[in-house]
Amino acid sequence: MSTEVNDKINGAADDESANDGNADVLSKNFIEHEIDKDLESGRFDHVQTRFPPEPNGYLHIGHAKSILLNYGIAKEYGGTFNLRFDDTNPMKENEEYVKSITEDVKWIVGDLDKDHIFYASDYFDQMYECAVKLIKKGKAYVCDLSPEQIKEYRGTLTEPGKESPYRNRSVEENLDLFERMKNDEFKDGEKVLRAKIDMASPNLNMRDPVIYRIAHMHHHNTGDKWCIYPMYDFAHPIEDAVEGVTHSLCTLEFEDHRPLYDWVVNECEFENPPRQIEFAKLYLKNVVTGKRYIKKLVMDGTVDGWDDPRLVTIASLRRRGYTPESIRKFMELSGISKANSTSDYAMLEYCIREDLKSKSPRYMAVLDPVKLIITNYPENEMEYLDVENNRDVPEMGMRKVAFGRELYIDREDFMIEPPKKYFRLYPGNEVRLMNAYFVKCTDYECDDNGNVTTVYCTYDPDTKSGMPGAERKVKGTIHWVSAAECVDATVRLYENLVDESKGVYDEEGNVNVNPHSLTVLKDCKLESAFSEARPGDRFQFVRHGFFCIDDKDTTEDELVFNRIVSLKSSYKPEKK
RNA sequence: UGGGCUGUCGCCAAGGGGUAAGGCACAAGAUUUUGAUUCUUGUAUUCGUGGGUUCAAAUCCCGCCAGCCCAGCCA
Numbered sequence: 134m135s136t137e138v139n140d141k142i143n144g145a146a147d148d149e150s151a152n153d154g155n156a157d158v159l160s161k162n163f164i165e166h167e168i169d170k171d172l173e174s175g176r177f178d179h180v181q182t183r184f185p186p187e188p189n190g191y192l193h194i195g196h197a198k199s200i201l202l203n204y205g206i207a208k209e210y211g212g213t214f215n216l217r218f219d220d221t222n223p224m225k226e227n228e229e230y231v232k233s234i235t236e237d238v239k240w241i242v243g244d245l246d247k248d249h250i251f252y253a254s255d256y257f258d259q260m261y262e263c264a265v266k267l268i269k270k271g272k273a274y275v276c277d278l279s280p281e282q283i284k285e286y287r288g289t290l291t292e293p294g295k296e297s298p299y300r301n302r303s304v305e306e307n308l309d310l311f312e313r314m315k316n317d318e319f320k321d322g323e324k325v326l327r328a329k330i331d332m333a334s335p336n337l338n339m340r341d342p343v344i345y346r347i348a349h350m351h352h353h354n355t356g357d358k359w360c361i362y363p364m365y366d367f368a369h370p371i372e373d374a375v376e377g378v379t380h381s382l383c384t385l386e387f388e389d390h391r392p393l394y395d396w397v398v399n400e401c402e403f404e405n406p407p408r409q410i411e412f413a414k415l416y417l418k419n420v421v422t423g424k425r426y427i428k429k430l431v432m433d434g435t436v437d438g439w440d441d442p443r444l445v446t447i448a449s450l451r452r453r454g455y456t457p458e459s460i461r462k463f464m465e466l467s468g469i470s471k472a473n474s475t476s477d478y479a480m481l482e483y484c485i486r487e488d489l490k491s492k493s494p495r496y497m498a499v500l501d502p503v504k505l506i507i508t509n510y511p512e513n514e515m516e517y518l519d520v521e522n523n524r525d526v527p528e529m530g531m532r533k534v535a536f537g538r539e540l541y542i543d544r545e546d547f548m549i550e551p552p553k554k555y556f557r558l559y560p561g562n563e564v565r566l567m568n569a570y571f572v573k574c575t576d577y578e579c580d581d582n583g584n585v586t587t588v589y590c591t592y593d594p595d596t597k598s599g600m601p602g603a604e605r606k607v608k609g610t611i612h613w614v615s616a617a618e619c620v621d622a623t624v625r626l627y628e629n630l631v632d633e634s635k636g637v638y639d640e641e642g643n644v645n646v647n648p649h650s651l652t653v654l655k656d657c658k659l660e661s662a663f664s665e666a667r668p669g670d671r672f673q674f675v676r677h678g679f680f681c682i683d684d685k686d687t688t689e690d691e692l693v694f695n696r697i698v699s700l701k702s703s704y705k706p707e708k709k
């Protein structure tokens, strides 16, 4: 049936037996329970799902939840998953978004065969036929009321609406009028087609909803073929039914639309009509997820574009260095329910650390360099140490790391007057230079401002890494880079875009932007193994975090890294 | 004074009459050439709330409270 489902979604409970007494298996969510029931009762004998974005913007992490839910369900039940553009309103849609959405969905899911990508606009003929059918059944009518009048006639939440004076036009007149709407005989807004349901329904969606409107607008897919376009509530159930979708999964705000969904599918007399099930959206604590807020940040230049690594659009996450696996893991851990909830960003960070810790090489990088001179190491001499690329994954092999008399260490790894429990370098203290020797601080130099410029040490030749002497215990191990052989780089550190002390929005609804959300470090010194790195490559900078080479800003002359996430740390600097 | 939905640990979330899974976060200890990882341990006498039914209720019933969504010719 489907060939596109070729990427494993981890953790989904594929069969009953796996559920027995295995604590690692996730329990099924309520949608899976509903599907099980539908399969048992015989309502459906297979499963088909879809992700139906309107191509009117960029996808963000919230959409990833829907994509992976639909994709995961299809995979779990051996069914089909389609990407379908819900392009029924040409005013807001364009090809650029179709492109970016396609790219994002493919990235999240692994890959997607092109014969699983559809457009709602491909079904416009069928939708038109359905509308004609409703008219013939006396279930739809052409209405001449203005938008303002329709609103007025609709009533309110507590009062029933009243019927349109055009509600009882004859089938013949409606047929004629609707055809003339299609044939470009009326102006935008002059007439609409409405479903004839119940103006007194407590559910506003059932008060004769508009199902077709006139819009003289070029459509990205159908060009100028149509000047009438179906509304979501009418189009969506038909799209699902025509495509063979069994379970139409959408977010909670559509719960009130389900009666209309069922009405459409029944009145249009589809066999085995699809079933709509709603779930709660994903929200993240202290994160901007609203499309219009993201847009504002992009427009006013607060961020660098739709793919600024501080945003949570799919493009941003990808550029920052998140892996699709980490996003999938995150969605798996987050679960699916109907309770409105706000997840911790910490869970996403856990997922990317978890994914990268065994996938990326662990190299040394000094972000804020201070010179370290080993006074008893011979001048003009170099040695090349054998170092494991990832201690926990021996298969990742070894590399050579240059070591010599002059090194760089990170500024935060040396203090003149250390607080208690500081076990890095300070006058008189000995630490291990990771993968090299033990070194004892003998002296230091400062500039006129009191900033440390050079640290002097002596080393113990008997403590070379891998030798018996190296088994001695020291409290501190710090990383370093050879000053003679290293690579320069720019490294960007990111903090939350939102000022967490103030919350996401201020009184006027503007984002409280954290002024320190971006730190650019220009003169970082990396070990020379980095010289072979390519855009998109991910690394652990030992003792710092996980970093990814930015493929947009990296040039032949400048290596630019984005910090994906820092390492966890239980070190809390104490006041002296 | 309408309709729909939801309330289980700081966060996410199982469990749907038999006495509170799991993950994240957090804390403590062990191991450690990353203050990382790994490992162990700890963390809800209680399921929004008040009643009721029952030998037994987070689960069933009734009431209340709180939150979210709905009055586009948007999706």
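Position one of the first sequence corresponds to residue 134 (this note's numbering), numbered consecutively onward. By construction, the Cβ of each residue, glycine as well, lies at the ideal position given by its N, Cα and C atoms. As the structure is a computational prediction, the values presented were derived from the model and not from experiment.
- Taking a contact to require three or more Cβ pairs closer than 8 Å, the region 482 to 499 and the region 663 to 683 qualify as touching.
- Distance from the CA of Val-631 to the CA of Glu-173, rounded to the nearest whole angstrom, comes to 48 Å.
- For the set Glu-388, Tyr-299, Val-431, the Cα lying nearest the Cα of Gln-409 is the one of Glu-388.
- Looking at the DSSP output, Leu-558 shares a beta bridge with Phe-547.
- Along the region 382 to 451, the alpha helix (DSSP H) occurs as fully enclosed runs of 4 or more residues at 391 to 400, 424 to 432, listed in sequence order.
- Within its own chain, no residue has a Cβ closer than 6 Å to the Cβ of Asn-316 once the five positions on either side in sequence are excluded.
- Distance check between Pro-186 and each of Arg-452, Glu-402, Glu-285, Cys-383 places Cys-383 closest, using alpha-carbon atoms only.
- For Asp-309, there is no enclosing beta strand (DSSP E); the residue is part of the alpha helix (DSSP H) that begins and ends at 304 to 315.
- The beta carbon of Val-644 lies closer than 7 Å to those of Val-421, Tyr-426, Leu-430, Val-631, Val-637, Tyr-638 in the same chain, with the five residues before and after it left out.
- Taking the CA atoms as reference points, Pro-706 sits about 41 Å from Asp-237.
- When the alpha-carbon of Arg-544 is set against those of Ala-616, Arg-565, Asp-525, Asp-501, the nearest one is in Asp-501.
- Assignment of Asp-656 by DSSP, reduced to helix, strand and coil, places it in the strand class.
- For Ala-333, there is no enclosing alpha helix (DSSP H), as DSSP gives it neither H nor E.
- Burial is judged here by how many other beta carbons sit within 10 angstroms of a residue's own beta carbon; Ala-333 has fewer than 16 and is exposed.
- In this chain, Met-350 is not harboured by any alpha helix (DSSP H), its DSSP state being neither H nor E.
- Taking a cut-off of 8 Å for Cβ pairs, the region 640 to 656 and the region 473 to 481 do not touch, as fewer than three such pairs fall below it.
- Fewer than three Cβ pairs drawn from the region 646 to 665 and the region 592 to 611 lie within less than 8 Å of each other, which leaves the two stretches out of contact.
- For Asn-162, there is no enclosing beta strand (DSSP E), since its DSSP letter is neither H nor E.
- Here Ser-699 carries a strand assignment [DSSP, helix/strand/coil].
- If you compare the alpha carbons of Arg-346, Val-520, Ala-264 with that of Val-304, the shortest gap goes to Ala-264.
- Annotation: Gly-438 to Arg-453 spans about 13 Å, alpha carbon to alpha carbon.
- With fewer than 16 other CB atoms across the displayed protein chains lying within 10 angstroms of its CB, Tyr-517 is exposed.
- Judged by pairs of C-beta atoms under 8 Å, the region 505 to 516 touches the region 532 to 550, as three or more such pairs exist.
- Within its own chain, the residues whose Cβ lies closer than 8 Å to the Cβ of Pro-392, once the five positions on either side in sequence are excluded, are Asn-336, Asn-338, Met-339, listed in chain order.
- Two segments are said to touch when three or more pairs of C-beta atoms, one from each, lie closer than 8 Å; by this definition the region 369 to 385 touches the region 401 to 417.
- Note on Ile-682: 16 or more other CB atoms within 10 angstroms of its CB, so buried under the neighbour-count rule.
- One alpha carbon belongs to Leu-202, the other to Lys-414, and they sit about 11 Å apart.
- The criterion of a C-beta distance shorter than 9 Å is satisfied by Ala-368 and Met-260.
- Of the candidates Asn-189, Lys-554, Glu-323, the residue whose Cα lies closest to the Cα of Lys-424 is Asn-189.
- When secondary structure is reduced to three states using DSSP, Asn-338 falls in the helix class.
- Assigned with DSSP and collapsed to three states, Lys-198 falls in helix.
- Restricting attention to Thr-235, Asp-441, Asn-307, Val-343, the CA atom closest to the CA of Lys-685 is found in Asp-441.
- No residue range can be given for Thr-687, since it is assigned to no beta strand (DSSP E) and is classified by DSSP as neither H nor E.
- Note that the C-beta distance between Arg-696 and Val-620 is not below 9 Å.
- Relative to the Cα of His-677, the nearest Cα in the group Arg-300, Met-314, Arg-486 belongs to Arg-486.
- Shown here for Leu-692: same chain residues with a beta carbon closer than 6 Å to its own, the five before and five after excluded, namely Ala-622 in chain order.
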